[in-house]
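In this note's numbering, the protein residues as written are 3 to 216. We put the CB at the ideal spot given by N, CA and C, even for glycine. All of these numbers come straight from a predicted model, not from anything done at the bench. Worksheet: one structure, shown below.
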Amino acid sequence: MKDFALQHGITDIDTLFPDAKALNSMPEFDKRRTEWVQVLLGAVSKTPFARVKTLSADLTLDEARAKGYVTGALKKEEFFGVQKRTTSATTIYKKQKLDRDDMIDITDFDVVAWLKGEMRLMLEEELARAILLGDGREADHEDKIADGTNGVGIRPVVTDHDLYATKVGVDFVTGSPTESEQGQILIDAVIRNRRHYKGSGQPTFFTSESVISR
């Protein structure tokens, strides 16, 4: 009777507690800022061809200018050079594996759709990075994305030929300017060199949060 009186309540009652409920239907990604990715990819033209070439003629030389007409005088033909650049496609991939049993056991959310979204997100970010800056890997890295130096791959805007991408140097070292002054120096440099911009539409400024905060 004494032993029975000492036993009361429910043993291991915590096993009856309900499982914790997820606040989100799917796990959230802790990722870098990627708002710029769709902006950049949306501005890139697409072509179904694996090899493309661009032809350009330089009309800025004096030899390409129109000339005054004089009766009986020798008429000079204009001349200018035509440049050709050929670029071949490269492949960027992202591989993932998921066991069939794990797919069946995970019932709280669609893990396949979640993984597909992650792969698409990271693939587009890598593609946009390669277009704008290059992938940042060393030339001998096994995962290096071809950067078009030999005509195959993605030619980064930041290292492209001056004919296709205007480059402006900004000196922040001279006089050790403050951060706010550095921001104004950057803005002034962009405005002064806007005359070199020959693209169509309004230019887009891709930068970091640290630069914007200046």
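State the Cα-Cα distance for the pair residue i and residue j, rounded to the nearest angstrom.
i, j, result
"Arg197", "Glu120", "41 Å"
"Ser210", "Lys33", "15 Å"
"Ala66", "Gly83", "10 Å"
"Val154", "Ile108", "42 Å"
"Asp142", "Tyr166", "26 Å"
"Ala91", "Leu18", "59 Å"
"Ser212", "Thr180", "13 Å"
"Arg139", "Asp145", "8 Å"
"Val41", "Leu123", "14 Å"
"Leu25", "Asp110", "12 Å"
"Ile12", "Pro20", "16 Å"
Pull up the CB-CB distance for residue i and residue j, whole angstroms please, since I reckon it's below 8 Å.
i, j, result
"Thr49", "Arg87", "Thr49 to Arg87, Cβ: 14 Å. No contact."
"Asp164", "Pro158", "Their Cβ separation, rounded to whole angstroms, is 14 Å, which puts Asp164 and Pro158 out of contact at 8 Å."
"Gln85", "Ser58", "5 Å"
"Ile133", "Ile147", "Actually they are not in contact, since the Cβ atoms of Ile133 and Ile147 sit about 10 Å apart, beyond 8 Å."
"Ile94", "Leu125", "7 Å"
"Phe174", "Ile189", "At roughly 13 Å, the Cβ-Cβ gap does not stay under 8 Å, so Phe174 and Ile189 are not in contact."
Run the CB neighbour count on residue i, radius 10 Å, all protein chains shown included, and call it buried at 16 or more, exposed below.
i, result
"Gly203", "exposed"
"Asp137", "buried"
"Arg131", "buried"
"Val114", "exposed"
"Val160", "exposed"
"Val39", "buried"
"Lys106", "The residue asked about is misnamed: residue 106 is Ile in this sequence, not Lys. When all chains shown are included, Ile106 counts as exposed."
Grab the span of the alpha helix (DSSP H) containing residue i for me, first residue to last.
i, result
"Arg194", "Glu181 to Arg194"
"Ser58", "Segment Arg53 to Ala59 is the beta strand (DSSP E) holding Ser58; no alpha helix (DSSP H) there."
"Ile214", "Glu211 to Ile214"
"Glu37", "Glu37 to Ala45"
Contiguous alpha helix (DSSP H) assignments of at least 4 residues, all confined to the stretch 82–119
102–107
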